[in-house]
Amino acid sequence: MEYEAVIGLEVHVQIKTESKMFARVGAGYGREPNTLTDPVVLGLPGTLPVMNKRAIDQIIKAGLMLGCEIAPVCKWDRKNYFYPDSPKNYQISQYDQPICIGGQLEIELPGSSRNVMGEHKFIELTRIHLEEDVGKLNHFENDSLVDYNRAGTPLMEIVSEPDMHSGDEAYAYLTALRQIMVQGGISDCDMEKGQLRCDANISIRPKGADMLGVKVELKNLNSISGVRNGIDFEIKRQIKVVQSGGQVIQETRRWDADAGAATPMRTKEMAHDYRYFPDPDLMPVRVDQDWLQRIRETIPELPFERQRRYFDEFDLPYTVTSVLVPDLKLSDFFEEAVKECGEPKAVANWIANDLLRDLSAAGTPIDDSKLRPEHIAGLVKLVKDGVISNNIAKDVFIDMFKSGDRPEDIVEKKGLKQSSDTGELTGICNEVIAANPKSVEDYKAGKENAINFLKGQVMKATRGKANPQVVDQVLRTELDKL
Amino acid sequence: MAESLYYRTAAELSRALESKELSSEEIVRSVIERTRAVDDKVSAFISFDEGDALERARASDRRRAEGKALGPLDGIPVGIKDVLAVEGQPLTCASRMLGKFVSPYDATAIARLKAAGAVPWGRLNMDEFAMGSSTENSSVKTTSNPWNTDCIPGGSSGGSAACVAAGEAPISLGSDTGGSIRQPAALCGVVGMKPTYGLVSRYGLVAFASSLDQIGPFAHTVEDAAILLQAVAGHDDRDSSSYRTDIPDYRKELSSRKGPWKLGIPKEYFGEGLDPEVARAIEAAIDFYRGEGCEIVDVSLPHTEHAVGVYYIIATAEASSNLARYDGVRYSHRSAEATDAIDLYFKSRAEGFGPEVKRRVILGTYVLSSGYYDAYYLKAQKVRTLIRRDFLQAYEKVDALLTPTTPSPAFRKGEKTDDPLQMYLSDIFTISANLAGIPGISIPCGFSESGLPIGLQILGQPFQEADLFAIARRFEQAHDYHTRHPSL
Numbered sequence: 122m123e124y125e126a127v128i129g130l131e132v133h134v135q136i137k138t139e140s141k142m143f144a145r146v147g148a149g150y151g152r153e154p155n156t157l158t159d160p161v162v163l164g165l166p167g168t169l170p171v172m173n174k175r176a177i178d179q180i181i182k183a184g185l186m187l188g189c190e191i192a193p194v195c196k197w198d199r200k201n202y203f204y205p206d207s208p209k210n211y212q213i214s215q216y217d218q219p220i221c222i223g224g225q226l227e228i229e230l231p232g233s234s235r236n237v238m239g240e241h242k243f244i245e246l247t248r249i250h251l252e253e254d255v256g257k258l259n260h261f262e263n264d265s266l267v268d269y270n271r272a273g274t275p276l277m278e279i280v281s282e283p284d285m286h287s288g289d290e291a292y293a294y295l296t297a298l299r300q301i302m303v304q305g306g307i308s309d310c311d312m313e314k315g316q317l318r319c320d321a322n323i324s325i326r327p328k329g330a331d332m333l334g335v336k337v338e339l340k341n342l343n344s345i346s347g348v349r350n351g352i353d354f355e356i357k358r359q360i361k362v363v364q365s366g367g368q369v370i371q372e373t374r375r376w377d378a379d380a381g382a383a384t385p386m387r388t389k390e391m392a393h394d395y396r397y398f399p400d401p402d403l404m405p406v407r408v409d410q411d412w413l414q415r416i417r418e419t420i421p422e423l424p425f426e427r428q429r430r431y432f433d434e435f436d437l438p439y440t441v442t443s444v445l446v447p448d449l450k451l452s453d454f455f456e457e458a459v460k461e462c463g464e465p466k467a468v469a470n471w472i473a474n475d476l477l478r479d480l481s482a483a484g485t486p487i488d489d490s491k492l493r494p495e496h497i498a499g500l501v502k503l504v505k506d507g508v509i510s511n512n513i514a515k516d517v518f519i520d521m522f523k524s525g526d527r528p529e530d531i532v533e534k535k536g537l538k539q540s541s542d543t544g545e546l547t548g549i550c551n552e553v554i555a556a557n558p559k560s561v562e563d564y565k566a567g568k569e570n571a572i573n574f575l576k577g578q579v580m581k582a583t584r585g586k587a588n589p590q591v592v593d594q595v596l597r598t599e600l601d602k603l
Numbered sequence: 215m216a217e218s219l220y221y222r223t224a225a226e227l228s229r230a231l232e233s234k235e236l237s238s239e240e241i242v243r244s245v246i247e248r249t250r251a252v253d254d255k256v257s258a259f260i261s262f263d264e265g266d267a268l269e270r271a272r273a274s275d276r277r278r279a280e281g282k283a284l285g286p287l288d289g290i291p292v293g294i295k296d297v298l299a300v301e302g303q304p305l306t307c308a309s310r311m312l313g314k315f316v317s318p319y320d321a322t323a324i325a326r327l328k329a330a331g332a333v334p335w336g337r338l339n340m341d342e343f344a345m346g347s348s349t350e351n352s353s354v355k356t357t358s359n360p361w362n363t364d365c366i367p368g369g370s371s372g373g374s375a376a377c378v379a380a381g382e383a384p385i386s387l388g389s390d391t392g393g394s395i396r397q398p399a400a401l402c403g404v405v406g407m408k409p410t411y412g413l414v415s416r417y418g419l420v421a422f423a424s425s426l427d428q429i430g431p432f433a434h435t436v437e438d439a440a441i442l443l444q445a446v447a448g449h450d451d452r453d454s455s456s457y458r459t460d461i462p463d464y465r466k467e468l469s470s471r472k473g474p475w476k477l478g479i480p481k482e483y484f485g486e487g488l489d490p491e492v493a494r495a496i497e498a499a500i501d502f503y504r505g506e507g508c509e510i511v512d513v514s515l516p517h518t519e520h521a522v523g524v525y526y527i528i529a530t531a532e533a534s535s536n537l538a539r540y541d542g543v544r545y546s547h548r549s550a551e552a553t554d555a556i557d558l559y560f561k562s563r564a565e566g567f568g569p570e571v572k573r574r575v576i577l578g579t580y581v582l583s584s585g586y587y588d589a590y591y592l593k594a595q596k597v598r599t600l601i602r603r604d605f606l607q608a609y610e611k612v613d614a615l616l617t618p619t620t621p622s623p624a625f626r627k628g629e630k631t632d633d634p635l636q637m638y639l640s641d642i643f644t645i646s647a648n649l650a651g652i653p654g655i656s657i658p659c660g661f662s663e664s665g666l667p668i669g670l671q672i673l674g675q676p677f678q679e680a681d682l683f684a685i686a687r688r689f690e691q692a693h694d695y696h697t698r699h700p701s702l
């Protein structure tokens, strides 16, 4: 029998804010343990939570970008469980009235090759809610220590419908989600810093069946490729269990990326009773139309929408768009240059080939690049107007990247303007003709290729500054005279 | 000779400070001496910091000398229930669980008292985590009723009530979750008021039941209670449940609000179980208001009978979650016997909490459990709404309600400790106000034959504390119960 996997993802995304979800102390990563704490974060007796409005702005933005309905009223609940990383032994979360309801995420599956666009599909979302992150346990030989720096950081939980069927789809889902979160300025989504974390619910069923199978929750998927590998492993495991006459049991398993395998953590019987109830310390949140409108105005174009626009408006090839679109800054850079010179393809090529290569070689983020969009626009114009050749332009680019000087100034300063002066070129052409009688003979004998060699000699003599078309013309005229 | 210094009211002391008759240091010294003299008998204090109080008193005197006095409370000692965070002072909630905890921050109410120049004085005894009605649930000691030291002072703010009654502080702060200010005030013969939920910030008040807890004043007089409430009331952006509302000048309103008022008598508060002596005193108070031209109206609060049940579901549910943070991991009591993390939780909590706290945490955990939530917690919340509606409907007809504060005068120590239900019923008249979120005040309105105080409870409309004070003050001005003091 053929089996089909059904996968739903629960993705936790830390929201980028100055301060914590319910406390005034700063949020951040990589600080001395327990320095990003205050009486509220530590849950000291008598302290109370107060909402961070910026975090709510951010989750509304995420919800709007993902096509969710924003609940007019949402509320806060306490999720009660004991664990040392939780200062209050309850987590403030949203249980039955989340702020974002429904929604969908467009994903792109892998194409037949890197240069071919893959199939697009929409994955349905169940909900997105806001909660506070917990601290981090550090285990040592004889004891465990807790760092509460992370505790209280605003955390979104994005829950998808069981709407995916392979590790590849999950990979594509996370990639698309991360692009939106990063481009919306909602989160940096650095998985190494725990800013994006993913749990997967996986079940299998006979292909074509409607019923859902028994699900296994897979945790500790610490990288996007880990998500794909972990899910594929789990699907294979479940199929093997069923094919050998066994039954999948409902349980939570932990993925070990190094071992390339998952091990059981707890079964359904050990599941927590979280005793959710409305948090009496916090008031419900009402989001009115004005608030929604304010957020709507801050939303950037979605990556796939931008890609389609690049196809339609600029006629760019897929390969180039798939370099530009995932990076909002690069896209903005591109569009700014196009606005100045009106040559999208040339600009895109400069960015995709030369700029990215030099940025990565120099380890410079694009924000710090001395080379700005107007530099590329200027360079493209110089080539288009025949002032320099494409080859010279490559040199000018390298210079611009290093110095940040304007391309016009570099061309001027280094005397790189290409020559179209027929008088001057006629002399050089005649010298070349005189020095290469064999080629002249070949040309006269009808070997068209011979003129290319002569052209090359002229370009060499002018150190590349001669306009190749003019050289071609002059050479033919002079040769014909012989 | 004028009355002993330690029995003067805050208003009187304030005038004496203004006229330079007294210094704050003299006042604080008198309170320290009185505490040293009588607290062996009263046991109102868990601890006190004489050095800190005297230092603050001298700072107040310096301010006054420079003409920079901060207002009526500048230089006045205020007793503090050991449930309110004071920076650098122990905060134990009378629990072994917090036996070694020192607060690194001030509660908003304390910060406001300090900003008004008041001198926080001592850590006052209470039932552990404010759970109880007699202070017998304190892990430290049982406070005695100054009128009869064989009797309990009420609770949970028993220390706050007893210290005022015994002259160990002219005024004090307590907290009221189901009657924890009004009940001990009644039993100790002092004024005690629970403000409307949301009037005083709860930031720094160790939570028992978050949707019910309020901080409020104890005093000898209504005027003193008004002065103290004025200092701590008002919106605080550290407490999301604190309400944005204009706070009137309560002291001024005392004389400008003259009535006559329409006063409701809820029949459900005068049934079986009401001590005849208490009933007589309340009847007399009602007659007094009638004689003052107030219209007395019979009203009904039909859901009253469910109040105790609803209260012990909601309060314990919230408490089970609020007290989860005391787990032995960070600042709370940590068992020396624990072998692993789970064992640490079990043993630390088993050792750190007393029996009543355990009882309530277990009950609260149960009512929130999967499968029971709808039947208990959700239903209780619905009945709570009905209880609040009862009051709001009554307030369409009347300005305030008159009831007994407690079913009986102070009972004897140990009398109810083996019967939690009997203990819970001693709050039967005070609990509804917390569920409804409305303000209530208890004022002395008589004595039993055995010399124990009786309290009259006046319940008011939301955020109409000024009316409540004015109504209470009318009775106080015509009687001398508040001027009587126990002999210690």
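Top line first, the protein sequences correspond to chains A and B.
Heads up: take any position in the first sequence, counting from 1, add 121, and you land on the numbering used here.
Heads up: take any position in the second sequence, counting from 1, add 214, and you land on the numbering used here.
C-beta atoms are modelled at their ideal positions from N, C-alpha and C, and glycine is treated no differently.
Checklist entry - According to DSSP, which residues form a beta bridge with F484/B? => result Beta-bridge pairing links F484/B to no other residue.
Checklist entry - Mind pulling the chain B residues with CB within less than 7 Å of N210/A? => result A538, R539 and D541
Item to check | Buried versus exposed call for D541/B [16 or more other C-beta atoms within 10 Å across all chains shown] | outcome: buried
Item to check | Where P465/A sits in the DSSP three-state scheme | outcome: helix
Checklist entry - So with Cβ pairs under 7 Å, would you call Y526/B a contact of chain A? => result no
Checklist entry - Quick one: what does DSSP say T598/A is sitting in, helix, strand or coil? => result helix
Next on the checklist: Determine, for V420/B, whether the minimum Cβ-Cβ distance to residues of chain A falls below 7 Å.
Outcome noted: yes
Checklist entry - Is P589/A helix, strand or coil by DSSP? => result helix
Item to check | Nearest candidate by alpha-carbon position, reference V408/A, set M186/A, P219/A, H133/A and T138/A | outcome: P219/A
Checklist entry - Can you list, in chain order, the residues of its chain whose CB lies under 7 Å from that of T391/B, leaving out five sequence neighbours each side? => result A344, F422, A423, L426, D427, A529 and N648
Item to check | Coil, strand or helix - M215/B by DSSP | outcome: Because M215/B carries a pLDDT of 34, less than 50, the predicted location of this residue cannot be relied on, and no value is offered for it.
Checklist entry - What are the start and end residues of each continuous beta strand (DSSP E) run of 3 or more residues lying completely inside the region 264-297 of chain B, in chain order? => result 291-295
Item to check | Local conformation of R145/A per DSSP, three classes | outcome: coil
Checklist entry - Relative to chain B, which residues along the region 452-466 of chain A have a C-beta separation below 8 Å, given in chain order? => result none
Checklist entry - Excluding five sequence neighbours on each side, which residues of the same chain lie with their C-beta closer than 7 Å to the C-beta of A216/B? => result Model confidence at A216/B stands at a pLDDT of 45, short of 50, so the residue's coordinates are unreliable; what they give is reported in the following sentence. None.
Checklist entry - If you drop the 5 nearest sequence neighbours on each side, which residues of the same chain put their C-beta closer than 8 Å to that of E282/A? => result G129, I244, E245, L246 and T247
Next on the checklist: Strictly under 7 Å for the Cβ-Cβ distance: is D402/A near chain B by that measure?
Outcome noted: yes
Next on the checklist: In the DSSP assignment, the beta strand (DSSP E) including R387/A goes from what residue to what residue?
Outcome noted: A382 to T388
Checklist entry - By Cβ distance below 6 Å, which residues in the same chain neighbour S228/B in space, the five residues on each side in sequence not counted? => result P286
Item to check | Residues bridged to I323/A (per DSSP) | outcome: I128/A and V337/A
Item to check | Helix, strand or coil at H250/A according to DSSP, with G and I counted as helix | outcome: strand
Checklist entry - Which residues in the same chain have their Cβ closer than 8 Å to the Cβ of D275/B, if we skip the five residues on either side of it in sequence? => result S237, S238, E239 and G289
Checklist entry - Looking only at C-alpha atoms, which of G665/B, T619/B and A447/B sits nearest to N362/B? => result G665/B
Item to check | Same chain, Cβ closer than 8 Å to R326/A, five either side skipped, listed in chain order | outcome: Y124, E125, V127, M332, L333 and G334
Next on the checklist: Under 9 Å, CB to CB, which of the residues in the region 172-188 of chain A have a partner in chain B?
Outcome noted: M172
Checklist entry - With C-beta atoms as the reference, is G305/A less than 7 Å away from M186/A? => result yes
Item to check | Residues of its chain near L500/A, where Cβ-Cβ distance is below 8 Å and the 5 sequence neighbours each way are ignored | outcome: W471, A514, V517, F518, M521 and P528
Checklist entry - From E599/A to T547/A, what does the alpha carbon distance come to, in whole angstroms? => result 8 Å
Item to check | DSSP state of E372/A mapped onto helix, strand, coil | outcome: strand
Checklist entry - Which full runs of the beta strand (DSSP E) of 3+ residues lie inside the region 500-524 of chain B, going along the chain? => result 509-513
Item to check | Sequence-distant residues of its chain with Cβ nearer than 7 Å to R427/A (five each side left out) | outcome: V446 and S452
Next on the checklist: With the cut-off set at 7 Å, would you say P431/B and L443/B are in Cβ contact?
Outcome noted: yes
Item to check | Ranges of the beta strand (DSSP E) found wholly within the region 553-624 of chain B, counting only runs of at least 3 | outcome: 614-618
Item to check | Chain-order list of residues whose beta-carbon lies under 6 Å from that of G188/A (same chain, five-residue window excluded) | outcome: G224 and Q225
Checklist entry - Between the region 377-410 of chain A and chain B, which residues of the former have a C-beta closer than 9 Å to a C-beta of the latter? => result D394, Y395, R396, Y397, F398, P399, D400, P401, D402, L403 and M404
Checklist entry - Of the residues V252/B, L682/B and A225/B, which one's Cα is nearest the Cα of R471/B? => result L682/B
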